[in-house]
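Numbering follows the numbering used here, with no gaps: position 232 of the sequence shown is 222. Glycine residues also receive a C-beta, built at the ideal position from the N, C-alpha and C atoms.
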Amino acid sequence: MAGLDRRGFIAGAAGAAVGLTGVPSVLRGRDDRLVRLGIIGTGGRGRSLMGLALQRSDCTVTAICDIDPEAIERSHAMFRDAGVSQPAVYGSDEEDFLNLLARDDVDAVIVATPWLWHTPMAVAAMESGKRVGVEVPAAVTVEECWDLVNTSERTGIPCMILENVCYRRDVMAVLNMVGRGLFGELVHCHGGYQHDLREVKFQPGAEFGPGARGEARWRTKHSIYRNGELYPTHGIGPVANFLRIDHGNRFATLTSTASKTRGLHEYVVAQGGEDHPNTEVRFQLGDVVTTVIRTANGETVVLIHDTNLPRPYSLNFRVQGTRGLWMSDNRSLYIEGVSPEPHSWEPFGQYQQAYDHPLWQRYEADATGAGHGGMDFFVVHAFVESAKRQVPPPLDVYAAATWSVISPLSERSIARGSEPMEFPDFTRGRWVDRTFRFGMSDEF
Ligand SMILES: NC(=O)c1ccc[n+]([C@@H]2O[C@H](COP(=O)([O-])OP(=O)(O)OC[C@H]3O[C@@H](n4cnc5c(N)ncnc54)[C@H](O)[C@@H]3O)[C@@H](O)[C@H]2O)c1
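Here it is as C-alpha cells:
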C-alpha cells in the first residue's frame, strides 16, 4: 500500500478529491476517485476489457501496450469512438511493457496477453507498485504460481485474477443459495471448459503459429507440447467459491486422466487436406481431460477440459449437497422436500429470480451489453472499485495461484499415469481462518 500512496495512487487525490477542509470528497457524498489504467495486450480480450473501462466515469486508460500494430490501431479507433484522449502507446518489442510500467500516470494494469506472459508481466507490475488484474490462467507452472504469491506478499501490491465466470448470473445466484444452505452440506461439484476451440486453434483454415490469426498464433502450441487441464479457471473459480477454497477449506490433491487425441488432427485434414504440412504435427493434448480434486473438507470436484471436438459450449457446472443439487446444462435443480416431484428435475428459472445476487440486481443495467452475458462488466467493476478503495480485490493472488496451479499439477499427474498430486498451500496455513469476501455485498 505504501508504494501506491507514494505514487499518488488516486489521480487528483491531492487536488480534486480533498477539499479545503481536508475531508475527502468521497466522505461528503461525492465520489470523484479515478483509477488510471494501463492495458498490456490489446488483442481480442484486452480490447473487450478496455471497452468496458472506457465506458466508466471512474477510470481513464492512460497507456496501452501491444506488439501487434493492428491491435494498437484498433485500440486507437476505440478511443476515437469513445471521444477520449489517446493513450501513450508501447509495443516496440516484447519487453516494452516495462516502459509502460515505469509511468507515473498508471495506477493499475490489466494483463491480457498470451498465457506465457501472464506471470512475468504481473510480477513486473507489482514490482513497479502497480496493482494488476491478470487474465486467465494467471500462471502456467507451479513456480510461477509461487512467484505471484511471493511478489504480492513482499511488495504488498494486490494481484487479481480476472475470472469473469465467477460473476455469471446463475453462478452468483447459486453462490447465494449455497450460502443459505439450500443444498445442505456440499459433497460434490462439477465444472469445466467444454468449448469447441478448433476454429480458434486454427485460423484461417488449418493454420496456426506466427502467421495465423488471433489465438491461433500462440494458443495452439500448448496443445502440441502439453497434455493436461490447460484452462481450469472458468470451471474451478465458481466451484472454489461454492466450496470456500482457501477460506476454511482447501484443495488437497488431484488426479488427471487424458483421453486419446484425435480432434485437432482430423480438423487439420478436414480444413487443409491430407497433404497439408500441419497434418505432420503430433498433438499431445488429450481431447477430453478429466481431473478429480479432493478437498480438505472431503468434497470431490470433477473438472473437464474438452476443446478439440465438435460440441456445444458448456462449463459443466453441478453443485451437489446433502439436500439436493443444481446442474447448469439442463438449467435445473432438485431439492428434497422443496421440489414438487420426488426424483424429478425442476426448472432453475424461479430460483434464479428468488436468489438473484444483489450485485446483479444493482448493476443489471450497467452489465447489459457487456461481454459474456454481462459478467465481464463485473470483473472490471471489481478490479476498478477495489483499486479505488485501495482494498484487496475479491479474487486475490491466492485464488490466482490455487486455481492456476491445476494445469501443471494435472500435466504431472497424467505424465505419471494419473498419480495423485498434492496442491501447494499458497496461503501457508492461513486458509484455516481467512474470511470469505467474494460476492458478500452489492458493491463489487
Ligand atoms: N476471461 C475470458 O473470458 C477470456 C476470453 C478470451 C481470452 N481470455 C484470455 O485473455 C488472454 C488474451 O487472449 P486474446 O483472445 O485476447 O488473445 P489475442 O491473441 O487476441 O491477444 C493477445 C495480444 O497480446 C499481444 N502480445 C503478445 N505478446 C506481447 C508482449 N510481449 N507485449 C505486448 N503485447 C503482447 C498480441 O500481439 C495480441 O494482440 C489469454 O490469456 C486468454 O486466455 C480470457
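DSSP bridge partner residues for residue i (one or two, in chain order)
i    : result
S322 : M317, P337
H178 : T290, Q310
A98  : L27, R121
L244 : I283, M411
C149 : V122
S304 : Q184
A53  : G28, A78
V278 : D296
CA-to-CA distance, residue j to residue i, given in whole angstroms
i    : j    : result
S47  : F368 : 15 Å
P410 : R64  : 46 Å
L106 : N298 : 21 Å
G201 : R272 : 19 Å
V25  : P148 : 15 Å
T290 : T312 : 13 Å
A98  : Y215 : 33 Å
G195 : S213 : 17 Å
A72  : Y353 : 21 Å
G169 : L275 : 37 Å
N239 : R35  : 32 Å
A372 : F428 : 10 Å
Residues near residue i by beta carbon distance below 6 Å, same chain, minus five either side
i    : result
T11  : With a pLDDT of only 49 at T11, under 50, the local geometry of the prediction cannot be trusted, and the value read off the model is given with reservation. Once the five neighbours on either side are set aside, T11 has no close Cβ partner at all.
P348 : D432
R159 : W350
M150 : G123, F373, P383, L385
Same chain only: Cβ atoms within 8 Å of residue i, ignoring 5 sequence neighbours per side
i    : result
T358 : G364
I62  : T32, I54, D56, V79, G81
P222 : P127, Y183, T281, L293, H295, W393, S394, I396, S397, S400
V101 : I30, G31, W107, H108, M111, A112, A115, V122, G123, V124, E125
Where residue i falls: helix, strand or coil (DSSP)
i    : result
E412 : strand
F434 : coil
F69  : helix
H255 : helix
R37  : helix
I62  : helix
V328 : coil
D477 : Nothing about residue 477 can be read from this structure; the chain reaches only from -9 to 434.
R234 : coil
Y388 : helix
G21  : Residue identity differs from the one stated: residue 21 is Asp in this sequence, not Gly. In the structure shown, D21 sits in coil (DSSP, three-state: anything other than H, G, I, E or B).
A78  : strand
S47  : coil
N298 : coil
N239 : strand
F173 : coil
Residue i beta carbon near ligand 3 (any heavy atom closer than 7 Å)
i    : result
T131 : The model depicted lacks ligand 3 and carries ligand 1 instead.
Same chain only: Cβ atoms within 7 Å of residue i, ignoring 5 sequence neighbours per side
i    : result
E219 : S246, V279, T281, L293, H295, I396, S397, S400
Q76  : H66, F69
A206 : V190, K191, F192, Q193, E197, F198
S322 : W335, E336, P337, F338
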